[in-house]
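Residue numbering for the sequence shown follows the numbering used here, starting at 5 and increasing by one per position. A virtual CB, placed ideally from N, CA and C, is assigned to each residue, including glycine. Predicted model only: the values in this text are computed from it and were never measured.
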Amino acid sequence: MNREETIRAAARLRGEGQGEEALRLLKALAEHAEEDAELQYQLAWTHDSLGLEREAVPHYERALSLGLAEPGDDAGARLGLGSTLRTLGRYAEARQLLEASAQRYPERAEFRVFLAMALYNEGEAARAMELLLRELADSSSAAGVRDYAPAIRFYADKLDQVW
């Protein structure tokens, strides 16, 4: 298999729940391609999917430092790294990355949702709730939420206010 076929096969295996086999393929390929950003991203993603968060971090960081060609891959690596840092208790790093990524990709709501988790972990529950409430008001398909979206947006940053 060539590089592209190996990466596609590994992604398919990971999607089918065969992460160990995917990791084996990717590691073999990486022996000869340490400077391949896409491969580093795939390694990070696969480690993450196997619950190997600590091992995923350097691969995410390497992929981002090398520069991912596809915006979707760049966003995916940023979200993966931010989420992983948060699960490892590295809240400030996660917050910083997720805030920057939310600004870089304002159309991608997932950054605001994961940022809310990091904010919560840093003790900023009010700001976390504000982000989540605004995201809910802006994106929910539930009729009742849509009907009350203006009120939800209004109260999002006023949860502690009493009238």
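**Prompt:** Given a threshold of 16 other Cβ atoms within 10 Å of its Cβ, counted over all protein chains shown, does Gly80 qualify as buried or as exposed?
**Reply:** buried
**Message:** Just checking Thr50 against the ligand ATP - is the residue's beta carbon closer than 7 Å to any of the ligand's heavy atoms?
**Reply:** Of ligands this structure carries none, so the ligand ATP is not represented either.
**Request:** Classify Ala60 as buried or exposed, calling it buried when 16 or more other Cβ atoms lie within 10 Å of its own Cβ.
**Result:** buried
**Item:** Segments assigned alpha helix (DSSP H), at least 4 residues, entirely inside the segment 87-113
**Value:** 95-108
**Message:** Tell me the residue span of the alpha helix (DSSP H) that contains Ala129.
**Reply:** 129-143
**Message:** Using CA atoms only, rank isn't needed, just tell me which of Ala147, Arg116, Glu126 is closest to Arg138.
**Reply:** Arg116
**Item:** Of the listed residues Pro75, Lys162, Ala32, Thr50, nearest to Glu111 (C-alpha basis)
**Value:** Pro75
**Message:** Is there a Cβ of chain B sitting closer than 8 Å to that of Thr50, yes or no?
**Reply:** This model lacks chain B altogether; it includes just one protein chain.
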